[in-house]
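Worksheet for the structure shown next.
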Amino acid sequence: MRPVTRAARTAPATGPAHTATGPAGTAPPPRRSQRLATGVLLGPFVLLLLTVFVVPTLYAVYLSFFSTTHSGLGFGNAETVFAGARNYAAVLSDPSFTRGVGVTLLYALVFLPAVVAGALALALLFDSGLVRARRLSQTVLFVPHAVPGIIGTVIWLYLYTPGISPVVGFLDDVDVRVDFFALHMLVPSLVNIALWSGLGYTTVIFFAALRAIPHELVEAAAIDGAGPVRTALTIKVPLIRATLATVVIFTTIGALQLFTEPMLLSKATPLIGPRFTPNMYIFDAAFTRNNYGLAAAASVLLLAVCCLLSFAVTRGTTRRKKVRP
Amino acid sequence: MSATTGTRRRAGVRAPGRGTAHVVVGVGVLYALLPLLWLLLASTVDAEALFASRFLDLSDFALLDNVRALLREGDGVYLKWYANSLLYAVGGAAVGALLSTAAGYVFDKFEFTGKGPLFALVLVSVMVPATVLALPMYLLASELGLVNTVWSVLIPVLFNPFGVYLGRMFSASYVPDEVLEAARVDGAGELRSFFSVGLRMLAPGFVTVFLFQLTTIWNNFFLPLVMLSDEDLYPLSLGLYSWNATASINPDYYPLMVVGSLLALLPLVVAFLLLQRYWRSGLTAGSVK
Numbered sequence: 280m281r282p283v284t285r286a287a288r289t290a291p292a293t294g295p296a297h298t299a300t301g302p303a304g305t306a307p308p309p310r311r312s313q314r315l316a317t318g319v320l321l322g323p324f325v326l327l328l329l330t331v332f333v334v335p336t337l338y339a340v341y342l343s344f345f346s347t348t349h350s351g352l353g354f355g356n357a358e359t360v361f362a363g364a365r366n367y368a369a370v371l372s373d374p375s376f377t378r379g380v381g382v383t384l385l386y387a388l389v390f391l392p393a394v395v396a397g398a399l400a401l402a403l404l405f406d407s408g409l410v411r412a413r414r415l416s417q418t419v420l421f422v423p424h425a426v427p428g429i430i431g432t433v434i435w436l437y438l439y440t441p442g443i444s445p446v447v448g449f450l451d452d453v454d455v456r457v458d459f460f461a462l463h464m465l466v467p468s469l470v471n472i473a474l475w476s477g478l479g480y481t482t483v484i485f486f487a488a489l490r491a492i493p494h495e496l497v498e499a500a501a502i503d504g505a506g507p508v509r510t511a512l513t514i515k516v517p518l519i520r521a522t523l524a525t526v527v528i529f530t531t532i533g534a535l536q537l538f539t540e541p542m543l544l545s546k547a548t549p550l551i552g553p554r555f556t557p558n559m560y561i562f563d564a565a566f567t568r569n570n571y572g573l574a575a576a577a578s579v580l581l582l583a584v585c586c587l588l589s590f591a592v593t594r595g596t597t598r599r600k601k602v603r604p
Numbered sequence: 006m007s008a009t010t011g012t013r014r015r016a017g018v019r020a021p022g023r024g025t026a027h028v029v030v031g032v033g034v035l036y037a038l039l040p041l042l043w044l045l046l047a048s049t050v051d052a053e054a055l056f057a058s059r060f061l062d063l064s065d066f067a068l069l070d071n072v073r074a075l076l077r078e079g080d081g082v083y084l085k086w087y088a089n090s091l092l093y094a095v096g097g098a099a100v101g102a103l104l105s106t107a108a109g110y111v112f113d114k115f116e117f118t119g120k121g122p123l124f125a126l127v128l129v130s131v132m133v134p135a136t137v138l139a140l141p142m143y144l145l146a147s148e149l150g151l152v153n154t155v156w157s158v159l160i161p162v163l164f165n166p167f168g169v170y171l172g173r174m175f176s177a178s179y180v181p182d183e184v185l186e187a188a189r190v191d192g193a194g195e196l197r198s199f200f201s202v203g204l205r206m207l208a209p210g211f212v213t214v215f216l217f218q219l220t221t222i223w224n225n226f227f228l229p230l231v232m233l234s235d236e237d238l239y240p241l242s243l244g245l246y247s248w249n250a251t252a253s254i255n256p257d258y259y260p261l262m263v264v265g266s267l268l269a270l271l272p273l274v275v276a277f278l279l280l281q282r283y284w285r286s287g288l289t290a291g292s293v294k
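Quick look at the structure:
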């Protein structure tokens, strides 16, 4: 539509990466054929975007400002009234919600360093050339990620359960008693499941980023006398910080969604209640208590936190990049 | 044992470093593998041996009995769940990946008004947790009378914004503009160019998007939990979840859960092992900028 000027081409791309080679330079004004193709090829996806994302999001925001009261003995008409911020106040002052937030934060605080440090160590080892059978090891490490989350959780749930678990049985035989469902073990038990499933996946991502580092930089460091460990920590890790940041965002957003694992574990221990995490709180409010306003308000809060997090982390990394070109 | 050949190949790295590296990676590999090995062994023995963790005695071998019991349970409801999972995952991923790839292609190759903001919206929707949308989606589906139908699960899983992002990157790297230009000169319409030229070149990208989406849908748990109440429509994830709730009361369900879990994870693990390079290309395209 608009021809690309030289200024546009030399200016740093502000849009998403990898589109700089787009056809804009050669494309003639869109013909009717192109408009038709855009409609046919993009239309179905846009329809999905509207029905499955945009409308439900707006609807959730709308619901969060209303509350439904049943007049009479529950037989009368349900009455929906504007509640202002009352649902939000109710969520935020509900101790079971704040406790759930606390549990999730603690979980994220344990899980995030564990998975990033573990995967980074493995990826650096793979990149160092010290490890034989690199490809095979990576494949095996990745396999847990291909295991459906619910099944991975079932496996670990049974490995935690006395009477069926060979691990608990073995520890018992050597007189070590571990109760994986004890209060102080709940977060470690949950972190372990997530770590098992995510470690290999994260390693593969870090490894791919390390491979993309120019050889000259690593060689220069070696010539300057830096050992492999120092090269890894001072040259390689800083160079993949964009990937690190991306992984941190996605892992944090994943941690905030903690639901399936505690849902399954709640059947094995009474210490995991129906509102153990914010997501379980939403589910409980919506489908057990039928308090849609409350559930919607909690959903919108969770959504806001996710958006803020990704915004903060993306801005943080781009700024750091500008400081050190 | 490998240290000697290794040191020769890479001078300057001493054997202790190599030894430590192998120990660390070895521990990681065992950590990944042992739980799966337990599931495999546990599926092959009868209930008594399962609870005693006695896996190596051939007289306890009962894999076929376990499978038979699994298929018999609840008039073959497990097979129904399996078929449902296949329908949701294969059908949903095939259609969804096609829509995503086509949308990604349009974002890469065509100019149109509102392209920038629309793509930003796509990226935002990648970040949004699916669970946040479950309640409003449930209420909308119940308005439309779709709750507890196949459609209530099948339609939402078609939406794959990350697939659009991948599709756009694959389109930029696999489909050269010159080829499309040549098709234009030959008088092919844009739609025909996509189906006869673009889509063929995008085939590897399509497989990658398909695999990612297949996995996501096969693992999908929250949406069916919210939408479905009819056991006959359950996917495997929800079916096994309901059995697990029973198992904590009735231990007879443990052997069923174990062998049922093993069979449920097989398709994905096999697909992953056979199609590894597609997984890799998707992971690297998605995360390395």
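So the sequences go chain by chain: S and Z.
To convert a position in the first sequence, counted from 1, into my numbering, add 279.
To convert a position in the second sequence, counted from 1, into my numbering, add 5.
Glycine included, each C-beta is placed from N, C-alpha and C at the ideal position.
Residues, ordered as in the chain, of the region 198-217 of chain Z that lie near chain S by beta-carbon distance below 9 Å: 198 and 199
Identified DSSP bridge partners for residue 272/S: Given that chain S is displayed from residue 280 to residue 604, the structure contains no residue 272/S and the question cannot be resolved.
is_contact[residue 439/S, chain Z] using C-beta, thresh 8 Å: Counted from its first residue, the first sequence places residue 439/S at position 160. No, because no Cβ of chain Z sits closer than 8 Å to the Cβ of residue 439/S.
Rounded straight-line distance, which links the Cα of residue 571/S to that of residue 340/S: As a first step, residue 340/S must be located in the first sequence, where it is residue number 61. As a first step, residue 571/S must be located in the first sequence, where it is residue number 292. Roughly 11 Å between the two C-alpha positions.
Separation of residue 574/S from residue 362/S, as counted between CA atoms: The count along the first sequence starts at 1 and reaches residue 362/S at position 83. The count along the first sequence starts at 1 and reaches residue 574/S at position 295. Residue 362/S and residue 574/S: Cα-Cα distance of roughly 14 Å.
Whole-angstrom C-beta distance between residue 246/Z and residue 215/Z, which should lie under 8 Å: Your numbering for residue 215/Z matches position 210 in the second sequence. Your numbering for residue 246/Z matches position 241 in the second sequence. That pair is no contact at about 26 Å.
Proximity winner among 68/Z, 270/Z, 31/Z and 25/Z, relative to residue 434/S (alpha-carbon distances): Counting from one through the first sequence, the residue named residue 434/S turns up at place 155. The residue with the shortest Cα to Cα distance from residue 434/S is 270/Z.
With 16 other Cβ atoms within 10 Å as the buried cut-off, status of residue 424/S: Here the question's residue 424/S lines up with position 145 in the first sequence. When all chains shown are included, residue 424/S counts as buried.
Within 8 Å, strictly: CB atoms of residue 161/Z and residue 228/Z: Position 156 of the second sequence holds residue 161/Z. Position 223 of the second sequence holds residue 228/Z. Yes, they are a contact pair.
Contacts of residue 428/S in chain Z (Cβ-Cβ under 9 Å): For this step, residue 428/S is matched to residue 149 along the first sequence. Ordered by position in chain Z, the residues that pass the 9 Å Cβ test against residue 428/S are 224, 226 and 242.
Buried versus exposed, by CB contacts within 10 Å (16 or more), residue 187/Z: As a position in the second sequence, residue 187/Z is number 182, starting the count at 1. Burial call: exposed.
Reduced DSSP category for residue 50/Z - H, G, I as helix; E, B as strand; rest coil: Along the second sequence, read from residue 1 onward, the residue named residue 50/Z stands at position 45. Residue state, collapsed to three classes: strand.
Interfacial residues, the region 542-573 of chain S to chain Z, with Cβ spacing under 8 Å: 542, 543, 546, 547, 558, 561, 562, 565, 566 and 571
Whole-angstrom C-beta distance between residue 276/Z and residue 219/Z, which should lie under 8 Å: Numbered from 1 along the second sequence, position 214 holds the residue referred to as residue 219/Z. Numbered from 1 along the second sequence, position 271 holds the residue referred to as residue 276/Z. That pair is a contact at about 7 Å.
Residue 511/S: contacting residues in chain Z (beta-carbon distance under 7 Å): Numbered from 1 along the first sequence, position 232 holds the residue referred to as residue 511/S. Within 7 Å Cβ-Cβ: nothing; residue 511/S doesn't reach chain Z, min ~11 Å.
Exposure of residue 298/Z, with buried meaning 16 or more beta-carbon neighbours within 10 Å: Chain Z is shown from 6 up to 294; residue 298/Z falls before or after that span and cannot be answered.
Spatial distance of residue 249/Z from residue 481/S (CA atoms): Along the second sequence, one-based indexing puts residue 249/Z at 244. Along the first sequence, one-based indexing puts residue 481/S at 202. So the two alpha carbons sit approximately 29 Å from each other.
Test: residue 110/Z CB closer than 8 Å to a CB of chain S: Here residue 110/Z refers to the residue found at position 105 of the second sequence. It does: the Cβ of residue 110/Z has a partner Cβ on chain S nearer than 8 Å.
Limits of the unbroken alpha helix (DSSP H) element including residue 120/Z: By 1-based counting over the second sequence, the position of residue 120/Z is 115. Element bounds for residue 120/Z: 120-132.
Cβ contact check for the region 401-414 of chain S and the region 581-591 of chain S: 3 or more pairs under 8 Å: no
Residue environment, residue 429/S, which counts as buried when at least 16 other CB atoms sit within 10 Å: As a working mapping, residue 429/S is identified with position 150 in the first sequence. Under this definition residue 429/S is a buried residue.
Counted within 10 angstroms of its Cβ, other Cβ atoms place residue 80/Z as buried (16 or more) or exposed: If you number the second sequence from 1, residue 80/Z lands on position 75. That one is exposed.
C-beta contact flag for residue 207/Z and residue 179/Z at 8 Å: Looking up residue 207/Z in the second sequence gives position 202. Looking up residue 179/Z in the second sequence gives position 174. Yes; because the gap between Cβ atoms is below 8 Å, this pair is in contact.
Residue 308/S (DSSP reduced to helix, strand or coil): The count along the first sequence starts at 1 and reaches residue 308/S at position 29. Here the model assigns residue 308/S a pLDDT of 49, short of 50, so the residue's position is not dependable, and the following value carries that caveat. Residue 308/S: coil per DSSP, three-state reduction.
The region 40-53 of chain Z / the region 67-75 of chain Z touching (three or more Cβ pairs under 8 Å): yes
Rounded separation between residue 335/S and residue 141/Z - CA only: Taking the first residue of the first sequence as 1, we reach residue 335/S at position 56. Taking the first residue of the second sequence as 1, we reach residue 141/Z at position 136. Approximately 5 Å, taken between the alpha carbons.
Meets three-Cβ-pair contact criterion under 8 Å: the region 518-530 of chain S and the region 477-493 of chain S: yes
Beta-carbon neighbours of residue 83/Z, restricted to chain S and to distances below 9 Å: Within the second sequence, the letter at position 78 stands for residue 83/Z. Those within 9 Å of residue 83/Z in chain S number zero; the least Cβ separation is about 14 Å.
Proximity below 8 Å, CB of residue 233/Z to CB of residue 243/Z: On the second sequence, residue 233/Z is found 228 positions in, with the first residue counted as 1. On the second sequence, residue 243/Z is found 238 positions in, with the first residue counted as 1. In contact: residue 233/Z and residue 243/Z (Cβ atoms closer than 8 Å).
Closer than 8 Å to chain S by CB, residue 45/Z: The residue you call residue 45/Z lines up with position 40 of the second sequence. Closer than 8 Å: no.
Chain S within 8 Å of residue 154/Z, Cβ atoms only: Taking the first residue of the second sequence as position 1, residue 154/Z is located at position 149. Chain S contact via Cβ: absent.
Boundaries of the alpha helix (DSSP H) in which residue 428/S is found, first to last residue: The residue labelled residue 428/S in the question sits at position 149 within the first sequence. That run of the alpha helix (DSSP H) goes 428-439.
Residues sharing a beta bridge with residue 66/Z, DSSP: Taking the first residue of the second sequence as position 1, residue 66/Z is located at position 61. Looking at the DSSP assignment, residue 66/Z forms a beta bridge with 50/Z.
Residue 34/Z at chain S interface by Cβ criterion, 8 Å: As a position in the second sequence, residue 34/Z is number 29, starting the count at 1. It does; some Cβ of chain S falls within 8 Å.
Meets three-Cβ-pair contact criterion under 8 Å: the region 530-546 of chain S and the region 466-479 of chain S: yes
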